[in-house]
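When you line the sequence shown up against my numbering, it's residues 33 to 286, in that order.
Where a beta carbon is used, it is the ideal one built from N, C-alpha and C, also for glycine.
All remarks here apply to the structure that follows.
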Amino acid sequence: MRFRPCIDLLNGRVVQIVGGSLTDQHDQHLVVNFETQQSPADYARLYQSDNLVGGHIIALGPGNQEAALTVLSTFPGGMQMGGGIIPENAKSYLDAGASHVIVTSYVFREGQVDRERLQTLVQRVGKERLVLDLSCRKRDGVYWVVTDRWQCFTEVAISAETLAWLADQCAEFLVHAVDVEGKRLGIDASVVEMLGNWSPIPVTYAGGVRSLADLDLIRNLGQGRVDATIGSALDIFGGDLRYQDVLAWQAALN
Numbered sequence: 033m034r035f036r037p038c039i040d041l042l043n044g045r046v047v048q049i050v051g052g053s054l055t056d057q058h059d060q061h062l063v064v065n066f067e068t069q070q071s072p073a074d075y076a077r078l079y080q081s082d083n084l085v086g087g088h089i090i091a092l093g094p095g096n097q098e099a100a101l102t103v104l105s106t107f108p109g110g111m112q113m114g115g116g117i118i119p120e121n122a123k124s125y126l127d128a129g130a131s132h133v134i135v136t137s138y139v140f141r142e143g144q145v146d147r148e149r150l151q152t153l154v155q156r157v158g159k160e161r162l163v164l165d166l167s168c169r170k171r172d173g174v175y176w177v178v179t180d181r182w183q184c185f186t187e188v189a190i191s192a193e194t195l196a197w198l199a200d201q202c203a204e205f206l207v208h209a210v211d212v213e214g215k216r217l218g219i220d221a222s223v224v225e226m227l228g229n230w231s232p233i234p235v236t237y238a239g240g241v242r243s244l245a246d247l248d249l250i251r252n253l254g255q256g257r258v259d260a261t262i263g264s265a266l267d268i269f270g271g272d273l274r275y276q277d278v279l280a281w282q283a284a285l286n
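Below is the structure:
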């Protein structure tokens with residue numbers, strides 16, 4: 033298990049939000065936990081200096097391309113790029129320095145995985161550089177993949193069968209537990225446990241991490257196979273959990 037850093041971008045600035053509050057009219061309903069004048073490149077330099085490879089940049093809507101490209105050029109090969117990725121722009125982000133591209137909404141249509149679109153992406157970028165975002169919300173006791181700013185439920189459930197099939201199409205999964213994302217109230221243990229039991233490829237969990245104890249819980253429930261990202265709880269994003277303590281926690285695992 034390892035800690036994977038993140039840079040979330042809104043209108044070109046680094047932010048942390050409550051994930052479920054992002055809609056097409058995000059300015060009206062968006063709940064922002066943190067916003068800074070510090071440049072996105074400053075965060076990239078921090079992660080690079082600490083050798084934190086494998087984190088992700090997420091563009092929360094339009095207006096983030098310039099900031100994203102600056103991050104990628106600052107830390108080439110160090111971060112994955114997600115948010116609005118389609119075949120027409122995927123290679124440009126990889127060429128700009130992204131290690132992988134992260135895709136969700138593009139590969140889902142009418143609630144199902146669009147196999148033709150998925151294959152187009154695989155052919156364009158290669159499965160070894162593709163991350164599928166299977167962020168999910170719970171409804172009627174089942175965790176369903178959600179798309180379109182996490183507002184639309186698909187008919188694809190998080191299951192052993194789903195993960196096994198999609199693992200043949202990509203290098204990694206990224207899974208936000210949307211119902212706890214950004215709330216700093218603790219993780220969704222059920223999601224972590226499912227990922228630890230079922231994911232045959234590397235997977236990163238995001239959502240609700242607020243303490244080192246939560247990282248321990250992810251390590252135990254995920255059987256050491258589930259990586260974790262931390263957003264709003266970190267002191268570098270205005271929270272109480274010290275970034276340096278997280279680095280020390282990870283170092284102690286090695």
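Item                                                                                                                                                                     : Value
Could you check how far apart the C-beta atoms of Val135 and Asp165 are, in whole angstroms? I think they sit under 8 Å.                                                 : 7 Å
For my contact list, Leu195 and Pro232 are in at a C-beta cut-off of 8 Å; report their separation, rounded to the angstrom.                                              : 7 Å
Near Glu160, what residues of its chain come up, given a Cβ to Cβ distance below 7 Å and the 5 sequence neighbours on each side ignored?                                 : Ala203
Answer yes if the segment 243-254 comes into contact with the segment 207-227, meaning at least three C-beta pairs across the two stretches below 8 Å, and no otherwise. : yes
Let me know the beta strand (DSSP E) ranges lying completely inside the segment 201-268, each 3 residues or longer, listed in chain order.                               : 204-208, 235-238 and 258-261
What's the call for Glu213, buried or exposed, on a 16-neighbour Cβ count within 10 Å?                                                                                   : buried
How about Gly114 and Gln80: do their beta carbons lie closer than 8 Å?                                                                                                   : no
Just curious, the alpha helix (DSSP H) that Gln151 is in, first and last residue?                                                                                        : Arg147 to Val157
Nearest-angstrom Cα distance between Ala192 and Gly228?                                                                                                                  : 10 Å
Do you know whose CA, among Cys184, Val46, Ser264 and Met33, lies nearest Val85's CA?                                                                                    : Met33
Assuming the contact rule is C-beta atoms closer than 8 Å, Ala122 and Ser105 should be a hit. Round their C-beta distance to whole Å, please.                            : About 17 Å; that fails the 8 Å criterion.
When the Cα of Leu162 is compared with those of Gly270, Gln112 and Ala99, which residue comes out closest?                                                               : Gln112
With H, G and I counted as helix, E and B as strand and the rest as coil, what does DSSP make of Val178?                                                                 : strand
Restricting to Cα atoms, I'd like to know which of Asp267, Gln276, Gly271 and Ala209 is closest to Ala260.                                                               : Ala209
If I'm right that Ser264 touches Gly271 with Cβ under 8 Å, what's the distance once you round it to whole angstroms?                                                     : 5 Å
Taking 7 Å as the limit between beta carbons, can you name the residues of its chain near Arg156, skipping five residues before and five after?                          : Pro119, Ala122 and Lys123
Kindly indicate which three-state DSSP category Gly77 falls into: helix, strand or coil?                                                                                 : Before going on, a small fix: residue 77 reads as Arg here, not Gly. The answer is helix: DSSP assigns Arg77 an H, G or I state.
CB-CB under 7 Å to Asp146, same chain, minus the five flanking residues each way: which ones, in chain order?                                                            : Val139 and Phe140
May I have the straight-line CA-CA distance separating Val170 from Asp211, to the nearest angstrom?                                                                      : Checking the displayed sequence, the identity of residue 170 turns out to be Lys instead of Val. About 8 Å.
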